[in-house]
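In what follows, a structure is listed as structure tokens, so that the remarks can point back to it.
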DNA sequence: ACGCACCGATTACAGGTGTAGTCATTGGAA
DNA sequence: TTCCAATGACTACACCTGTAATCGGTGCGT
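Residue numbers (this note's numbering), protein chains in the order written: chain A, 1 to 122; chain B, 1001 to 1122.
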């Protein structure tokens, strides 16, 4: 249903998830400067996101104000699931195991996750 | 350095990670049938993977035998990290928290992960 | 010796993506 | 009133991707 959001598009979604509604210009100003995008690029991306129905715009005087139609949590859930499915047979444990093996996990992480799991069990 | 592997390409990588070396034909035979690819499609993908330097081929009589040049674990680590960076500020805990909240995580999962973490702490 | 089946190489082509530039309209400064 | 600057719409364009078809060489069956 909801179309796939590309990498560049995701960058502007993050801006809107952080604050909305915003005008195209405001979005452009908030996009991380590392991307080095022109205002036009941002407008193109907003247009594509509109076409994909993941944001909406309402007129506000001379310009439009944009806001997300999908929740960040939903997007994040979808992407996470895709990764787990593709690389870990859809299971969470191997993902954690993998990262753990790779030393990408700190003692702090371990403690936090343990606490989290404890909560879940109740 | 190592170029990005696309989705379709990843599918053939999985075949080679499972068994290698293989001829183009053998790879085609092992690609999940749901994809419904022609042998030509698989050959194109092998060619692109070669160009990207993530597989190699050596002549074996009339045909080539292909084998991966990158390890699955490395690929998986890279993809996992990308996701974590993009969506979870590079932290593992929020990822796990998110998945746990969302997808009914089973008691079995919890037990497994707890065991795993316990091992890590030692 | 002959043609075919098989192989890798080359070419194709539409749709998505990253990254803009140009055009037409219009409210507002001068 | 006039002209500009800002704004959204449309157009551009090269590269990547998914998905093949076609071409050219050649060992093998007959």
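Every residue, glycine too, gets a C-beta built ideally from N, C-alpha and C.
The criterion of a C-beta distance shorter than 8 angstroms is satisfied by residue 42/A and residue 27/A. Against chain B, the CB of residue 95/A has a partner CB under 8 angstroms away; the residue lies at that interface. With contacts defined by Cβ atoms closer than 8 angstroms, residue 1109/B and residue 93/A form a contacting pair.
DSSP places residue 1113/B in the uninterrupted alpha helix (DSSP H) bounded by 1107-1121.
Among the residues of chain A, those whose CB is under 8 angstroms from the CB of residue 1109/B are 91, 92, 93, following chain order. Contact of residue 102/A with chain B is assigned, a C-beta pair being separated by under 8 angstroms. Counting only residues of its own chain and dropping the five nearest sequence neighbours on each side, residue 1007/B has no CB closer than 8 angstroms to any other CB.
Scanning chain A for C-beta atoms nearer than 8 angstroms to the C-beta of residue 1114/B yields 114, 117, reported in chain order. Closest option to residue 52/A, judged by alpha-carbon separation, among 61/A, 34/A, 2/A: 2/A.
By the beta-carbon neighbour count (other beta carbons within 10 angstroms, threshold 16), residue 80/A is buried. DSSP lists 1023/B, 1058/B as the bridge partner or partners of residue 1065/B. Of 1090/B, 1072/B, 1107/B, 1086/B, the smallest CA-CA separation from residue 87/A is found for 1072/B. Counting only Cβ-Cβ distances below 9 angstroms, residue 79/A has contacts in chain B at 1083, 1086, 1087, in chain order.
Straight-line measurement puts the Cα of residue 1057/B at about 43 angstroms from the Cα of residue 31/A.
Here residue 1025/B has 1039, 1063 as same chain residues with Cβ atoms under 8 angstroms from its own Cβ, once five neighbours each way along the sequence are excluded. For residue 1079/B, the three-state secondary structure derived from DSSP is helix.
DSSP places residue 37/A outside both helix and strand once states are collapsed to three, so it counts as coil.
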